[in-house]
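4 protein chains.
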Amino acid sequence: MARTTDGDGTPVPQRLLAAATRLFADRGYDRTSVQEIVEAAGVTKGALYHYFGSKDDLLHEVYARMLRVQQERLDAIADADAPVERRVRDAAADVVVTTIDNLDDASIFFRSMHHLSPEKNKQVRAERRRYHERFRALIEEGQASGVFSTATPADLVVDYHFGSVHHLSTWYRPDGPLSPQQVADHLADLLLRALRAP
Amino acid sequence: MARTTDGDGTPVPQRLLAAATRLFADRGYDRTSVQEIVEAAGVTKGALYHYFGSKDDLLHEVYARMLRVQQERLDAIADADAPVERRVRDAAADVVVTTIDNLDDASIFFRSMHHLSPEKNKQVRAERRRYHERFRALIEEGQASGVFSTATPADLVVDYHFGSVHHLSTWYRPDGPLSPQQVADHLADLLLRALRAP
Amino acid sequence: MARTTDGDGTPVPQRLLAAATRLFADRGYDRTSVQEIVEAAGVTKGALYHYFGSKDDLLHEVYARMLRVQQERLDAIADADAPVERRVRDAAADVVVTTIDNLDDASIFFRSMHHLSPEKNKQVRAERRRYHERFRALIEEGQASGVFSTATPADLVVDYHFGSVHHLSTWYRPDGPLSPQQVADHLADLLLRALRAP
Amino acid sequence: MARTTDGDGTPVPQRLLAAATRLFADRGYDRTSVQEIVEAAGVTKGALYHYFGSKDDLLHEVYARMLRVQQERLDAIADADAPVERRVRDAAADVVVTTIDNLDDASIFFRSMHHLSPEKNKQVRAERRRYHERFRALIEEGQASGVFSTATPADLVVDYHFGSVHHLSTWYRPDGPLSPQQVADHLADLLLRALRAP
DNA sequence: CATGAATGAGTCTTCATTCAT
DNA sequence: TATGAATGAAGACTCATTCAT
Numbered sequence: 005m006a007r008t009t010d011g012d013g014t015p016v017p018q019r020l021l022a023a024a025t026r027l028f029a030d031r032g033y034d035r036t037s038v039q040e041i042v043e044a045a046g047v048t049k050g051a052l053y054h055y056f057g058s059k060d061d062l063l064h065e066v067y068a069r070m071l072r073v074q075q076e077r078l079d080a081i082a083d084a085d086a087p088v089e090r091r092v093r094d095a096a097a098d099v100v101v102t103t104i105d106n107l108d109d110a111s112i113f114f115r116s117m118h119h120l121s122p123e124k125n126k127q128v129r130a131e132r133r134r135y136h137e138r139f140r141a142l143i144e145e146g147q148a149s150g151v152f153s154t155a156t157p158a159d160l161v162v163d164y165h166f167g168s169v170h171h172l173s174t175w176y177r178p179d180g181p182l183s184p185q186q187v188a189d190h191l192a193d194l195l196l197r198a199l200r201a202p
Numbered sequence: 005m006a007r008t009t010d011g012d013g014t015p016v017p018q019r020l021l022a023a024a025t026r027l028f029a030d031r032g033y034d035r036t037s038v039q040e041i042v043e044a045a046g047v048t049k050g051a052l053y054h055y056f057g058s059k060d061d062l063l064h065e066v067y068a069r070m071l072r073v074q075q076e077r078l079d080a081i082a083d084a085d086a087p088v089e090r091r092v093r094d095a096a097a098d099v100v101v102t103t104i105d106n107l108d109d110a111s112i113f114f115r116s117m118h119h120l121s122p123e124k125n126k127q128v129r130a131e132r133r134r135y136h137e138r139f140r141a142l143i144e145e146g147q148a149s150g151v152f153s154t155a156t157p158a159d160l161v162v163d164y165h166f167g168s169v170h171h172l173s174t175w176y177r178p179d180g181p182l183s184p185q186q187v188a189d190h191l192a193d194l195l196l197r198a199l200r201a202p
Numbered sequence: 005m006a007r008t009t010d011g012d013g014t015p016v017p018q019r020l021l022a023a024a025t026r027l028f029a030d031r032g033y034d035r036t037s038v039q040e041i042v043e044a045a046g047v048t049k050g051a052l053y054h055y056f057g058s059k060d061d062l063l064h065e066v067y068a069r070m071l072r073v074q075q076e077r078l079d080a081i082a083d084a085d086a087p088v089e090r091r092v093r094d095a096a097a098d099v100v101v102t103t104i105d106n107l108d109d110a111s112i113f114f115r116s117m118h119h120l121s122p123e124k125n126k127q128v129r130a131e132r133r134r135y136h137e138r139f140r141a142l143i144e145e146g147q148a149s150g151v152f153s154t155a156t157p158a159d160l161v162v163d164y165h166f167g168s169v170h171h172l173s174t175w176y177r178p179d180g181p182l183s184p185q186q187v188a189d190h191l192a193d194l195l196l197r198a199l200r201a202p
Numbered sequence: 005m006a007r008t009t010d011g012d013g014t015p016v017p018q019r020l021l022a023a024a025t026r027l028f029a030d031r032g033y034d035r036t037s038v039q040e041i042v043e044a045a046g047v048t049k050g051a052l053y054h055y056f057g058s059k060d061d062l063l064h065e066v067y068a069r070m071l072r073v074q075q076e077r078l079d080a081i082a083d084a085d086a087p088v089e090r091r092v093r094d095a096a097a098d099v100v101v102t103t104i105d106n107l108d109d110a111s112i113f114f115r116s117m118h119h120l121s122p123e124k125n126k127q128v129r130a131e132r133r134r135y136h137e138r139f140r141a142l143i144e145e146g147q148a149s150g151v152f153s154t155a156t157p158a159d160l161v162v163d164y165h166f167g168s169v170h171h172l173s174t175w176y177r178p179d180g181p182l183s184p185q186q187v188a189d190h191l192a193d194l195l196l197r198a199l200r201a202p
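Take a look at the structure:
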């Protein structure tokens, strides 16, 4: 039995990250102790600090993972060969589904960013901005081609939509009446109706 | 000179609440120590515990204050004698302006709710729901009277808009290009456009 | 019974300082835990941190206390109305007696300076230099007036003597054959013989 | 390529010892981690524990190396065919030069002895005493033959001189005005002047 | 009303050492 | 010979809260 996977078959770093994600989402970053994380992962504190430089590192890892996934998906959708209206709708809906599928990551993301060390915070903000800008470019493309209204600045539109995505972790319940896809369709519809040129 | 106002003219409890609000918004609830609060307010720990039962109480006070203000304003607008479309627009814009005017309270609100004790949390949620329901009733009134589309459930519409309000504390900067009123107008427009029956 | 003196009649800060001095001298700064200090002083950790900002602060306090005493004694001797040879001899002997009388402080002083935080280290060095310079001025006065040889730079003479003072905590034992005063007389004699103009 | 010399041509144990010496002198024994040592030496922890039983062993090695060198030099000088006054002067000056040439070893020596395990500490003390006694015998030989004053016990004279040697690592700077040899000459002169029979 | 000394449980982090490979 | 993952005990420090005055 390999040392790196004792307990079950999952490597220690993954186990730690999974435990941290669950706990950070449940109780928040500050209310989660390193002790609780290692107990949940079934390892010792030393092991955690062997793989992660600090508690803060664990949090950063959650962010990095989520940003990577979302950026890749947005890039794929934005680069697709489809009318801009279709691409905006797909992107708007996709981020909703992905967020709901990773609701733990999401609630951590939107609630605990200020716990990151200044430099990591800066790094995350930069990647976040890249995402925001890609989405905004899509809106602007639609505005330039006349399919979207120019009444509202594209920046504000992006923040409008992402506010609702951000908010999902506050109210969405897997056992509620709407499936992730249904929520995504509704929210994308709302965005598109708000955008459509009169 | 009254003991309760030493320092400047403001009573001690208010001073404490103001200091706590600023600090909670700056560093978050957990990162703010009681010591820092009393120092910022220019009083001693004994004084704080004289007026407030716990650190948690201070946080709850911030919530209560904000909920009270917003509920009152929503009630006034909803009860007004105006077409439903007008009332929804006013309510949607008003909550934006009020939130920006109290951005500290708002960022605490959306970030620190899980720090409240279970019972206070329940209480806040209940008041929050009352607010949500009043707003939803307005939307439903518009849907029933045919001025709003029924394509999207009213609940979801409310969460859509409040997501963007929630998000304000993340991106709005007083020194940015848009005044609170301008942001409010834009966001209310987006909502109304999304709602308007086809 | 006052809270500040429970245990015996000595105030808590003094008790802590005494315990820390003894332990630092015994085992060295790094090998002494805060836990051991508070146990020896009969208080809790919280009490220590109520009075001292850090473990480092405790060390600095030991230094400050010793430097203050030695500087005062040197000033008094140097300002006395006596021939320079007499004043040098008195100063040289006095620092030996004082050092032996506070052998714990002394061994901490000469062994643990590098554990002070950079700024505190700087401060201690500055006060130390003041002491050194006062002593050196005395030597130079003797050299200028012709009673001391100028063969060796005064700076080096001071370091020569203080090396031996420094060294006392390594070898002096209270139960040895020589009293503090006898050691002081011998060391002062050695210095004076080395200095005397040929 | 031999495994023991990878990196550059120096064998691993030497590389470890050199790294440890530098780090112990810089930050002190306790403030230096085994990790830092192996990184500085460009090897892994396993390698260190292959060659040395413990961190403590590394420290002991530094001591052993220095004691060996100094004892050899003293023996050679003491056994030389020269007048006692000359031999004392040579020994006194030589220990100064050797100490300055190995200032890292010296500062470790005088600052970290209490970090050795009790048995190693005892061993070092014994070798130290042998050195001390050889030097004292030289002084006593001079006193017996009438060239040195008997006013001061030889033991004290030795401690007097070694105090100043000990002190060198505190104040000597390679970029200062005096060369090692000049310092050695001055300090030996001071000793000889203090010793000379009246 | 208000003080501030004291508590004590809890925080994150470090580190010398071991051992399966 | 050498690796490096893992241990586990210990480290310094923080802080909400209490209570005698």
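Protein chains in written order, with the numbering used here: chain A, 5 to 202; chain B, 5 to 202; chain C, 5 to 202; chain D, 5 to 202.
Using N, Cα and C, we set each Cβ at its ideal position, and we do this for glycine too.
Residue i, buried or exposed, once every other Cβ within 10 Å from all chains shown has been counted against 16
i      : result
D/A6   : Confidence at D/A6 is low in this model, with a pLDDT of 39, below 50, so the placement of that residue should be treated as unreliable; the coordinate-derived value is given next. It counts as exposed.
B/A192 : buried
B/D105 : exposed
A/H54  : exposed
C/K49  : exposed
A/K59  : buried
C/S116 : buried
C/Q74  : buried
B/R93  : buried
B/A201 : exposed
A/D10  : Interpretation of A/D10 is limited by its pLDDT of 46, a score under 50 that renders its predicted location unreliable; no figure is taken from the coordinates.
Nearest-angstrom Cα separation, counted from residue j out to residue i
i      : j      : result
D/R197 : D/A141 : 19 Å
A/A148 : A/L199 : 13 Å
D/V151 : D/V88  : 8 Å
A/P178 : D/V42  : 51 Å
A/H190 : A/E123 : 37 Å
C/V47  : C/D61  : 17 Å
D/T156 : C/L195 : 11 Å
A/I143 : A/A44  : 43 Å
A/S37  : A/L63  : 13 Å
A/D34  : A/F28  : 8 Å
C/K126 : C/R133 : 10 Å
D/S153 : D/V161 : 11 Å
A/A158 : B/E131 : 34 Å
A/V205 : D/L182 : Nothing in the structure corresponds to residue 205 of chain A, since chain A is present only between 5 and 202.
D/E40  : D/T14  : 19 Å
C/Q18  : D/F114 : 30 Å
Whether residue i touches residue j by CB criterion (8 Å)
i      : j      : result
D/A84  : D/R91  : yes
B/H118 : A/G180 : no
B/S168 : A/G167 : yes
D/S173 : D/L120 : no
C/F56  : C/A95  : no
D/H136 : C/H171 : no
C/D98  : C/I81  : yes
A/W175 : B/D109 : no
Whole-angstrom C-beta distance between residue j and residue i, which should lie under 8 Å
i     : j     : result
B/L52 : B/L20 : 6 Å
Query raised in the report: Touching or not, the stretch 174-194 of chain A and the stretch 68-75 of chain B, by the rule of three or more beta carbon pairs under 8 Å?
Result: Touching, no, given that fewer than three Cβ pairs across the two stretches are closer than 8 Å.
Query - Contact the stretch 18-38 of chain A vs the stretch 87-102 of chain A: 3+ CB pairs below 8 Å - result: Using a Cβ-Cβ distance cut-off of 8 Å, the stretch 18-38 of chain A and the stretch 87-102 of chain A are not in contact, since fewer than three pairs of beta carbons, one from each stretch, lie closer than that value.
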